[in-house]
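Asker: Protein sequence lines, in the order shown, are assigned to chains A and B. Position in the first sequence (from 1) plus 4 gives the number in this note's numbering. FYI, this note's numbering numbers position 349 of the second sequence as 342, with every residue one higher than the one before it. Glycine is no exception: its CB is placed at the ideal position from the N, C-alpha and C atoms. Shown below is the structure under consideration.
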Amino acid sequence: MSEQASATIREMILSLLRARGVESVGETEPLFSSGLLDSIAATDVLMALESEHGVDLADEDFDILQIDTLQGLETFLSARKAA
Amino acid sequence: MASFNSADGFFRSVVQHADRAFYCDAAREVSYGEMGAVVQRLAGYLSQNGRPRRIGILATRSFEAYAGILAAGFAGAAYVPINLKWPEERIVTLLGLMELDALVADVQGAALLTPAVLAAAPDLVVIADTAVEVAPRSGQTIVRLGAIDTVPLAEPVPVGPDELAYIIFTSGTTGLPKGVMISAGSLANYLAESRSWTNLTPEDRLAETCDVTFDLTVHNLFLCVEAGASLHILSALEMMAPGRFVRARAITVWMSVPTLIAMMRRNGSLKPGIFPSLRLSIFCGEPLPVAAAEAWAAATPNGVVENIYGPTEGTVICMRQRLTNPPVATESRGILAIGKPYDSMEIAIFDSAQNPVADGMPGEIALSGPQLAIGYLGQPDQTADRFRMIRGKRWYLTGDLGMRDEKGTFHHLGRTDNQVKVKGNRIELEEVEAHLRRAAETDVVAVVAWPVIDGSAQGLVGFCVSAFSGEAIGKRLLSSLPRYMVPEPIEVLEDLPVNINGKVDRRALFQRLEDRMKAAAEARSAVAIKAGAAE
Chain A
5 MSEQASATIR EMILSLLRAR GVESVGETEP LFSSGLLDSI AATDVLMALE SEHGVDLADE
65 DFDILQIDTL QGLETFLSAR KAA
Chain B
-6 MASFNSADGF FRSVVQHADR AFYCDAAREV SYGEMGAVVQ RLAGYLSQNG RPRRIGILAT
54 RSFEAYAGIL AAGFAGAAYV PINLKWPEER IVTLLGLMEL DALVADVQGA ALLTPAVLAA
114 APDLVVIADT AVEVAPRSGQ TIVRLGAIDT VPLAEPVPVG PDELAYIIFT SGTTGLPKGV
174 MISAGSLANY LAESRSWTNL TPEDRLAETC DVTFDLTVHN LFLCVEAGAS LHILSALEMM
234 APGRFVRARA ITVWMSVPTL IAMMRRNGSL KPGIFPSLRL SIFCGEPLPV AAAEAWAAAT
294 PNGVVENIYG PTEGTVICMR QRLTNPPVAT ESRGILAIGK PYDSMEIAIF DSAQNPVADG
354 MPGEIALSGP QLAIGYLGQP DQTADRFRMI RGKRWYLTGD LGMRDEKGTF HHLGRTDNQV
414 KVKGNRIELE EVEAHLRRAA ETDVVAVVAW PVIDGSAQGL VGFCVSAFSG EAIGKRLLSS
474 LPRYMVPEPI EVLEDLPVNI NGKVDRRALF QRLEDRMKAA AEARSAVAIK AGAAE
């Protein structure tokens, strides 16, 4: 299961939020499209997904909107694990 | 008399293409007819005390942003986008200069309406239906866009060519951004010139990659609506991996900063043939490396690639160069040339006394013609410095270093000053330095655009002599500058290198960063070789 994988990404997102003065976030609350996190933070998350979780950013059909919520990330990472 | 109302083209499409899609984002699709109804009601509301002059747009990449811009135009007012990335202090200061009649805010914009911002905001504020509850200050009305039931304005009000169409802010050397004021006549000239080569039809599907604070959105929006085409808004997140967006929506016209090509090439997603739907791709805002242009062209086998050039002060752009085979390149920089001027614009290369230089010689790029801005909002000195009467003609001095070759093609060679582009954002290093001085409580500061990849700066690095830590200074800066303008890291040093004039030597600092990176790369490869040998 991807519990551990999603835990590290989750911790990363929470620390990015803390650095921007946000203490908590809901599971389904948009992270990026809400403006809570900016594109600089998105770059960090994408790099972590690529280097630590083997996400292939070279896939031209990669749906980045999946990473907009903690729940979306969770689903995305567990689906990858299952595949 | 002909009217120059910027919403005329939109209104024609509302009548002719009512059922066609206009505004599309991840959540909704709005037809011309639907948008027309919203815009006409909002325009009526904004006109309740007479014709408004300026409407602030505290919104971007949203339905409310576009409804606000079009309604402002419809009612005969100029629109003034406010950057959502500006910290509160900056929003308050600039609201004080804008003299707005009303403000339109989307969900993210409404979240920025703190008591201090509301105090500086106009009496009339329109917010998104789903925005947070905002309590007005005394004398202020805050209404939700969907709750407006004013009598709709029947048609766009007549606008003269010299009246203001929009004000777009760009970085200024003094520590505050400058508001570039563009007239309705300049905008009309721009659209006439640009429609002749973009040839949009109602079948076109345009991708909007920029915030409305960036004037590339002027090009997309006004050409799109007059053609009855559809505008597809990428969220900032979708910009990080745009492949799926372009493919799923069968985008036909793309416009963005070249940084995006570099990003896609780095992660390997820009493969040949992946964007068959694109017929026209336009790049602007920073140098376009030939290799990047060719990689994009390979990805769009049914399209052409255009490199366009122009400062905000010349109404979006005034020169363009199509990617050809072989490419018309600026060999010394490995970038595409900036090409030939628009027919109605005159471009010259001046020496430091504003005399034209011979072809092949470098000098400052200067523009003259109907697209020149009125000037900078409330800054007569800065306006006089850059917009000058020279031999009986009004010129804008761009600060860009350029050259015209023997074939009449123009080339961009860099800057004559310290303006940089960081991922397409125009930044005056002096503006950042002014804030760094204040935050670090020192006079000895320098900011360098670094690293530079494919001719495009990726970030800013700050240097200073200070009693505070770099981290603490960075935190302070975030209260007065948007994040993309805050240097990261900020290095606190014993002293800074100076040049022969006793000024801080940015070039030496840049070299120091380059040397350090090279040393780190060498150390890494030495470790890798060792690790390989041990296996």
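1) Please state the DSSP three-state secondary structure of N300/B.
2) Evaluate the contact criterion for the segment 205 to 218 of chain B versus the segment 374 to 381 of chain B: three or more CB pairs, one atom per stretch, below 8 Å.
3) What's the C-alpha gap between L253/B and G43/B?
4) Are G486/B and V458/B touching if we call contact CB-CB under 9 Å?
5) Could you tell me which residues DSSP puts in a beta bridge with K171/B?
6) Nearest-angstrom Cα distance between A220/B and Y183/B?
7) Nearest by alpha-carbon distance to K171/B: which of S473/B, I420/B, S449/B, S472/B is it?
8) By the three-class DSSP mapping on this structure, what secondary structure does I367/B have?
9) Would you give the residue range spanned by the beta strand (DSSP E) that S24/B belongs to?
10) For P106/B, does the three-state DSSP call read helix, strand or coil?
11) My guess is that L224/B and Y25/B are in contact by the Cβ rule of under 8 Å, so how many angstroms apart are they, rounded?
12) I need the straight-line Cα distance from V2/A to A124/B, nearest angstrom please.
13) CB-CB under 6 Å to S262/B, same chain, minus the five flanking residues each way: which ones, in chain order?
14) Which ranges would you report for the beta strand (DSSP E) in the segment 322 to 392 of chain B if only whole runs of at least 3 residues count?
15) Following the continuous beta strand (DSSP E) through I483/B, name the residue where it begins and the one where it ends.
16) Who are the Cβ neighbours of Q41/B in its own chain at under 7 Å, not counting the five residues just before and after it?
17) Mind the definition here: the segment 187 to 200 of chain B touches the segment 442 to 451 of chain B only if three or more C-beta pairs lie below 8 Å; say whether that holds.
18) Does the beta-carbon of A71/B have 16 or more other beta-carbons within 10 angstroms, so that it is buried, or is it exposed?
19) Applying the 10 Å Cβ sphere with the 16-neighbour rule, what's the burial state of S345/B?
20) Using the C-alpha atoms, what's the distance from P490/B back to A512/B?
21) Starting from A14/B, trace the beta strand (DSSP E) in both directions and tell me its first and last residue.
22) Looking at chain A, is there any beta carbon in it that lies within less than 9 Å of the beta carbon of M510/B?
23) Give the residues of chain A in contact with Q101/B, contact being defined as C-beta atoms less than 8 Å apart.
24) Please look up how many angstroms separate the CB atoms of L315/B and E299/B, rounded, as I've assumed it's under 8 Å.
25) Using DSSP with H/G/I as helix, E/B as strand and the rest coil, what is A60/B?
26) Cutting at 6 Å between CB atoms, please list the residues of its own chain near L474/B, excluding the five before and the five after it.
27) According to DSSP, H405/B sits in a beta bridge with which residue or residues?
28) Can you give me the Cβ contacts of G395/B inside the same chain, cut-off strictly under 8 Å, excluding the 5 residues immediately before and after it?
29) Enumerate in chain order the residues of its own chain whose CB-to-CB distance from G417/B is below 7 Å, with the five nearest sequence positions on each side excluded.
30) Here's the rule: buried if 16 or more other CB atoms are within 10 angstroms of the residue's CB, otherwise exposed. What is R313/B?
31) Straight-line CA distance for L81/A to S10/A?
Answerer: Let's see:
1) For the purposes of this step, residue 300/B is identified with residue 307 of the second sequence, where counting begins at 1. Residue state, collapsed to three classes: strand.
2) no
3) Taking the second sequence and counting its residues from 1, one reaches residue 253/B at position 260. Taking the second sequence and counting its residues from 1, one reaches residue 43/B at position 50. Cα to Cα, the separation comes out at about 44 Å.
4) Indexing the second sequence from 1 puts residue 486/B at position 493. Indexing the second sequence from 1 puts residue 458/B at position 465. The sequence shown places Leu at residue 486/B, rather than the Gly named in the question. Contact: yes.
5) On the second sequence, residue 171/B is found 178 positions in, with the first residue counted as 1. K171/B pairs with T163/B.
6) Along the second sequence, read from residue 1 onward, the residue named residue 220/B stands at position 227. Along the second sequence, read from residue 1 onward, the residue named residue 183/B stands at position 190. Distance between the alpha carbons of A220/B and Y183/B is about 15 Å.
7) On the second sequence, position 178 is the one that residue 171/B refers to. Considering only alpha carbons, the answer is I420/B.
8) By 1-based counting over the second sequence, the position of residue 367/B is 374. Note: I367/B maps to coil in three-state DSSP.
9) By 1-based counting over the second sequence, the position of residue 24/B is 31. Per DSSP, S24/B belongs to the beta strand (DSSP E) from 22 to 24.
10) Here residue 106/B refers to the residue found at position 113 of the second sequence. As written in the sequence, residue 106/B is Leu, which differs from the Pro given in the question. Coil at L106/B, not helix or strand.
11) For the purposes of this step, residue 224/B is taken as the residue at position 231 of the second sequence. For the purposes of this step, residue 25/B is taken as the residue at position 32 of the second sequence. That pair is no contact at about 11 Å.
12) Outside the modelled stretch of chain A, which goes from 5 to 87, sits residue 2/A, for which no answer is possible.
13) The sequence position of residue 262/B within the second sequence is 269, counting from 1. Within the same chain, S262/B has close Cβ partners G236.
14) You should have 339 to 343, 356 to 361, 380 to 383.
15) For the purposes of this step, residue 483/B is taken as the residue at position 490 of the second sequence. From DSSP, the beta strand (DSSP E) with I483/B extends over 483 to 485.
16) Residue 41/B sits at position 48 when you count from the first residue of the second sequence. Once the five neighbours on either side are set aside, the close Cβ partners of Q41/B are T143.
17) no
18) The count along the second sequence starts at 1 and reaches residue 71/B at position 78. In this structure A71/B is buried. Its beta-carbon is surrounded by 16 or more other beta-carbon atoms within 10 angstroms.
19) Counted from its first residue, the second sequence places residue 345/B at position 352. Counting Cβ neighbours within 10 Å, S345/B comes out exposed, since fewer than 16 surround it.
20) If you number the second sequence from 1, residue 512/B lands on position 519. If you number the second sequence from 1, residue 490/B lands on position 497. Cα to Cα, the separation comes out at about 20 Å.
21) Locating residue 14/B in the second sequence gives position 21, counting from the first residue. Residues 14 to 17.
22) Position 517 of the second sequence, counted from the first residue, corresponds to residue 510/B. With 9 Å as the cut-off, M510/B does not count as an interface residue toward chain A.
23) Along the second sequence, read from residue 1 onward, the residue named residue 101/B stands at position 108. Here the neighbours are S38, G39.
24) As a working mapping, residue 315/B is identified with position 322 in the second sequence. As a working mapping, residue 299/B is identified with position 306 in the second sequence. As written in the sequence, residue 315/B is Arg, which differs from the Leu given in the question. In this structure, R315/B and E299/B form a Cβ contact; the two beta carbons are roughly 5 Å apart against a cut-off of 8 Å.
25) Against the second sequence, residue 60/B aligns to sequence position 67. Three-state DSSP puts A60/B in a helix.
26) Numbered from its first residue, the second sequence carries residue 474/B at position 481. Here the set comprises H428.
27) Position 412 of the second sequence, counted from the start, is the residue given in the question as residue 405/B. DSSP, once it has assigned bridges, lists G395/B as partnering H405/B.
28) Here the question's residue 395/B lines up with position 402 in the second sequence. Cβ within range, chain order: I331, I342, P355, G356, E357, I358, F403, H404, H405, L406.
29) For this step, residue 417/B is matched to residue 424 along the second sequence. These residues qualify, in order along the chain: V250, T252, G278, E279.
30) For this step, residue 313/B is matched to residue 320 along the second sequence. Looking at its Cβ environment, which holds 16 or more other Cβ atoms inside 10 Å, R313/B is buried.
31) On the first sequence, position 77 is the one that residue 81/A refers to. On the first sequence, position 6 is the one that residue 10/A refers to. Roughly 7 Å between the two C-alpha positions.
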